[in-house]
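Q: Residue numbers (our numbering): 12 to 254.
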């Protein structure tokens, strides 16, 4: 073991939301972690698996295991990617005992960011003087079973006002390839989510997954809405500002 914490950045954070990765590092360091970001990391294999390309997904899952299995813990600011590694990677290797064992061993040391912060008793101290509503992403809620952790962390942010999102547990309609393959249904679900979020009067719609936020944020911009999206890590780390 390296004795260090590895940050699994995820594809969307790497390519589109680097500030989320930076915020995650600051939060982990505040929890006393020595954080390493392995430069060799690539995709966890979730898009390939969701599209039915299981051989390609296994190739990426093997690479993920090889890169991260030497670390004491792996943390990621994405419920969907953590779900892939913890829940689905071991399933991919059902016929390969050695890789299945390695996948299961690593899965025990992989954490979603708010999950770890909550376990550590993290106390946010950077103020956020705005009104926020929280969307519970599907993988975080349904596959990882994490419901209270993000909400409790948000409630501790100084100066924040948290507005309960109506039907917060409903899917936003993203679902990766789902939004491309079934655009009409995806848009309908997205519009319902946005109407619920706007009804709260919040300044910010937050979540733990950049996929959801990318999907919703693009639509909000097209609508000319005053509501904006922020990853929860940005709020907790004090790198987000109302203005």
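For each residue, glycine too, the CB sits at the ideal point set by N, CA and C.
Taking buried to mean at least 16 other C-beta atoms within 10 Å of its own C-beta, is residue 232 buried or exposed?
A: Burial call: exposed.
Q: Considering only the alpha carbon of each residue, which of 145, 209, 73 lies closest to residue 165?
A: Nearest option by C-alpha distance: 145.
Q: Hey, quick one: how far does the alpha helix (DSSP H) through residue 41 stretch, first residue to last?
A: Start and end: 29-41.
Q: Please report the residue range of the beta strand (DSSP E) in which residue 191 lies.
A: Counting along the chain, residue 191 falls outside any beta strand (DSSP E), though it belongs to the alpha helix (DSSP H) covering 188-192.
Q: Residue 221 and residue 182 look like a contact to me (Cβ under 8 Å); what is the Cβ gap, rounded to whole Å?
A: The pair is not a contact, with the Cβ atoms about 16 Å apart (cut-off 8 Å).
Q: Please confirm if the stretch 196-211 is in contact with the stretch 160-176, defined as three or more CB-CB distances below 8 Å between the two stretches.
A: Taking 8 Å as the limit for Cβ pairs, the verdict is that the stretch 160-176 does touch the stretch 196-211.
Q: In angstroms, rounded to a whole number, what distance separates the CA positions of residue 193 and residue 45?
A: So the two alpha carbons sit approximately 42 Å from each other.
Q: Can you tell me the Cα-Cα spacing of residue 12 and residue 43, whole angstroms?
A: Only weak support exists for where residue 12 lies, its pLDDT of 41 falling under 50; the coordinates are left without a value.
Q: With residue 185 as the anchor, note down where its alpha helix (DSSP H) starts and where it stops.
A: Counting along the chain, residue 185 falls outside any alpha helix (DSSP H), and DSSP gives it neither H nor E.
Q: Specify, as a first and last residue, the run of the beta strand (DSSP E) that residue 240 falls within.
A: Taken as a continuous stretch (DSSP letters only), the beta strand (DSSP E) holding residue 240 covers 239-242.
Q: Can you tell me where the beta strand (DSSP E) with residue 87 in it begins and where it stops?
A: Segment 84-87, the beta strand (DSSP E) holding residue 87.
Q: Relative to the ligand FMN, is the shortest distance from any of its heavy atoms to the C-beta of residue 34 smaller than 7 Å?
A: The ligand FMN is absent from the structure shown, which contains no ligand whatsoever.
Q: Grab the span of the alpha helix (DSSP H) containing residue 115 for me, first residue to last.
A: Note, residue 115: alpha helix (DSSP H), 108-118.
Q: Would you mind giving the Cβ-Cβ distance between residue 129 and residue 160, rounded to the nearest angstrom? I have them listed as a contact below 8 Å.
A: About 4 Å separates the two Cβ atoms, so the contact holds.
Q: Are residue 139 and residue 246 close, meaning C-beta to C-beta below 8 Å?
A: The answer is yes: Cβ separation under 8 Å.
Q: Assuming residue 124 contacts residue 85 (C-beta within less than 8 Å), just tell me the rounded distance between them.
A: In fact, because the Cβ distance is near 11 Å, the residues do not count as touching under 8 Å.
Q: Could you check whether the stretch 108-126 touches the stretch 70-79, counting it as contact only if at least three pairs of C-beta atoms, one from each stretch, sit closer than 8 Å?
A: Result yes; three or more Cβ-Cβ pairs closer than 8 Å.
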